[in-house]
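Chains Z and Y, in that order, give the protein sequences.
Residues 1 to 343 (full-length UniProt numbering) are what the first sequence spells out, left to right.
Residues 1 to 343 (full-length UniProt numbering) are what the second sequence spells out, left to right.
There are 2 protein chains.
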Amino acid sequence: MSESNLEQKVKEIGEQGLLQKLHRFCPPDMIGDDAAVMQTLPEQSLIVTTDVLVEGVHFSDRTTSPEDAGWRAAAANLSDLAAMGATPLGITVGLAINGDTAVSWVEKLYQGMNDCLQVYHTPIVGGDVVRSPINTISITAFGQANPNCIIRRTNARPGYAIVVTGIHGAAKAGLELLLNPELGKNLSDSEKNTLIKAHQRPKPRLDILPTLQEILSSSCLLSSSIPLAGMDSSDGLADAIIQICKFSQVGAKIERSQIPIPPAFPNWLSPEQSIEWVLYGGEDFELVLCLPLEIAESLVEKLNKESAIIGRITQEKTVKLIDSTGNHADEILHLSQGFQHFK
Amino acid sequence: MSESNLEQKVKEIGEQGLLQKLHRFCPPDMIGDDAAVMQTLPEQSLIVTTDVLVEGVHFSDRTTSPEDAGWRAAAANLSDLAAMGATPLGITVGLAINGDTAVSWVEKLYQGMNDCLQVYHTPIVGGDVVRSPINTISITAFGQANPNCIIRRTNARPGYAIVVTGIHGAAKAGLELLLNPELGKNLSDSEKNTLIKAHQRPKPRLDILPTLQEILSSSCLLSSSIPLAGMDSSDGLADAIIQICKFSQVGAKIERSQIPIPPAFPNWLSPEQSIEWVLYGGEDFELVLCLPLEIAESLVEKLNKESAIIGRITQEKTVKLIDSTGNHADEILHLSQGFQHFK
């Protein structure tokens, strides 16, 4: 904690005192019982995901403000729900906190979480605050999904189109600009800000779910249970495609020129650096979806221009990056080889 | 960790390696997606609770085996569900782990959790494993409850009977016997084992929920939404009564002689020591319920003989411990005064 010694510390108000201060981030009717109560829609499946973030391992005051750490923690969990096709119901926050931490740091962390959650109408419904030598945040997010529209890693079928809901590589570029500001000397302020914002305030793509539902309904496909495949790209675009292919026992052909990239990249980075960040940067929190072509085309048409069909699922179980312009040789992407190749 | 240096450590197999080993504790269809999927019953409310446990703060190899730490962590969360009247659907486990921890320690922890969860047919549906300087376990449990039968701290009404589902003080006595074995020199092995087991393997009182439901159904009360009040006694019997009274804006009269206590206590402890452990010992994970007298009487009749009606909710907002045998003066219980009085 780089907080002033004059600031009130958690140990001065205790866990109960801190809990009192955090109550303003929860709906009033959620406070006081052994557990939170929520209403779910009938005929929906319950979707649950959990993440643990440790200070010094997953976040640090050196690179991330507490507000941004809070936003990113909430966004990562909501992104996991989006990746399953689920609408969020709420999150619980388990906080293990060092007594020397400034109370204001914890409040800023919750403010950042809340800023993200409010965009997606998601309440903090419960939690726990305990003392610990190391600040640790455990978030469990739960949501609900139509059982016929759950997006799974195992559902990709040969012939499906591979859709990305937006740009990849921006979050990594933003982080690099924060760590090495001189990297951005040839970028405009607006370009730098866009990339840094992509790192600090990533947006979980819950916004695409109603559009996807609408397409499935209007195609009379909602009740016929077309398998939908996908996951989020929190660990990178290449990771998402490879994981989906592994779990679905299929392969993929990705067309290099079709992958949307940050507009600042071409005049700023070498093609090698650009494709490394796009494929392996991670933390863009976009969705990588594998869908029947007709649905994929409707989806891309209705989403903003940053979404795109970038390839096809194949029977052959390799993940190939191809370049129909002929500028680059075909490559087979493996997670480990990929990383080695690009480093 | 008091583990041998020869044992395999978490850092040797990594987080992914550890996750692979822990998969055997999860249903196979839960593994691989961004989130877990569960079916819920229609017309039920979703109930969610979360707890964070930190090594050295909430558990320690010095007093608790990893199996017992796992059992107690699972039991505490299931008890929170029971306290709301909810049947468990599953738990998620977020594990932050020091790389020097023995892999076998983590497996024993999960074995203990699983041993407890299996009794209550509750799966581990998801989780996260990350590295951290300090071993930390975050559990989120979720269950479902009939919206008309949710047990809340705010629902106690003057005239309600106060029911305890079992004995209090045993878990505290068991812990003291583990810390100071010479304390038990006048106890039989069977008495010692019963008390120690109460500390190591507490049982969440999910078993009473079907009985309570049955009574409400047969009284035609299920659909008329009689307010049910209660919570678990994880922080002690006195704490539970005081919290319920505070949240319901009522008071209580507790009849000292009606509180079920461990059979070993009268010939072993002074009356002062005995009532201290019974009221303030904590971690017995019984339920303290406040119910209309008719329902309370039926419930106590159907539960085992260790349950009892111990008092009444009053309009007057004090919590009084009274002794109709005249051996002890009446006392007003406050959380802080109570602790001071008894220490």
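Beta carbons: idealized from backbone N, C-alpha and C, even for Gly.
Owing to the predicted nature of the structure, the values given are computational and were not obtained by experimental measurement.
Each residue's CA atom was taken as its position, placing Glu43 of chain Z and Ala145 of chain Z some 9 Å apart. Neighbours of Asp34 of chain Y across chain Z, judged by C-beta separation under 7 Å: Thr49, Asp80, Ala83, Met84, Met231, Asp232. Counting only unbroken stretches of 3 or more residues, the beta strand (DSSP E) elements lying wholly within the segment 122–202 of chain Z are 124–131, 136–145, 161–164, in sequence order. Annotation: the UniProt domain "PurM-like C-terminal" (190–322) of chain Z contains the following complete segments of the beta strand (DSSP E) (minimum length 3 residues), in chain order: 228–232, 251–255, 287–291, 308–314, 319–322. Around the beta carbon of Arg24 of chain Y, a 10 Å sphere encloses fewer than 16 other beta carbons of the protein chains shown; the residue is thus reported as exposed.
With respect to chain Z, the C-beta atom of Thr40 of chain Y has a partner C-beta closer than 7 Å.
For the segment 48–135 of chain Y, the full-length beta strand (DSSP E) segments reaching 3 residues or more read 87–97, 124–131 along the chain. Relative to the Cα of Asp232 of chain Y, the nearest Cα in the group Y:Glu191, Y:Asp284, Y:Leu212, Y:Pro260 belongs to Y:Asp284. If you look at Gln20 of chain Y, you'll find it in the alpha helix (DSSP H) that goes 10–22. At a cut-off of 7 Å between C-beta atoms, Asp128 of chain Y counts as an interface residue with respect to chain Z.
Annotation: Ala35 of chain Y is outside any beta strand (DSSP E) and is labelled neither H nor E by DSSP. Contact annotation: Ile310 of chain Y and Gln273 of chain Y have beta-carbon atoms that are not nearer than 7 Å. Per DSSP, reduced to three states, the secondary structure at Leu6 of chain Y is coil, with no helix or strand assignment. Apart from sequence neighbours up to five positions away, the residues of its chain that approach Thr211 of chain Y with a beta-carbon distance below 7 Å are Leu299, Lys302, Leu303, ordered along the chain. Using a Cβ distance threshold of 7 Å, Val163 of chain Y and Gly126 of chain Z do not count as a contacting pair. Taking a C-beta distance under 7 Å as the contact criterion, Pro204 of chain Y and Ser79 of chain Y qualify as a contact pair. Beyond the five residues adjoining it in sequence on each side, Ile196 of chain Y comes within less than 7 Å, by CB distance, of Gly174, Leu177, Leu178 in the same chain, given in chain order.
The beta-bridge partner set that DSSP reports for Leu46 of chain Z consists of Z:Gln144, Y:Met38.
Excluding its 5 nearest sequence neighbours in each direction, Gly94 of chain Y has C-beta neighbours in its own chain below 7 Å: Gly127, Asp128, Ser138, listed in chain order.
By the Cβ-count criterion, Lys172 of chain Z is buried, with 16 or more other Cβ atoms from all chains shown falling within 10 Å of its own Cβ. Within the UniProt domain "PurM-like C-terminal" (190–322) of chain Z, the residues whose Cβ lies closer than 7 Å to some Cβ of chain Y are Met231, Asp232, Phe247, listed in chain order.
Linking Pro263 of chain Y to His199 of chain Y through their CA atoms gives a straight-line distance of about 16 Å.
In this structure, the alpha-carbon of Lys320 of chain Y lies about 54 Å from that of Gln20 of chain Y.
The C-alpha of Asn180 of chain Y lies about 20 Å from the C-alpha of Pro202 of chain Y. In this structure, His121 of chain Z and Glu286 of chain Z do not form a Cβ contact; the two beta carbons are roughly 21 Å apart against a cut-off of 8 Å. With a beta-carbon spacing of about 6 Å, Gly282 of chain Y and Ser234 of chain Y fall inside the 8 Å limit used to define contacts.
Taking a beta-carbon distance threshold of 7 Å, Ile97 of chain Z does not count as an interface residue toward chain Y.
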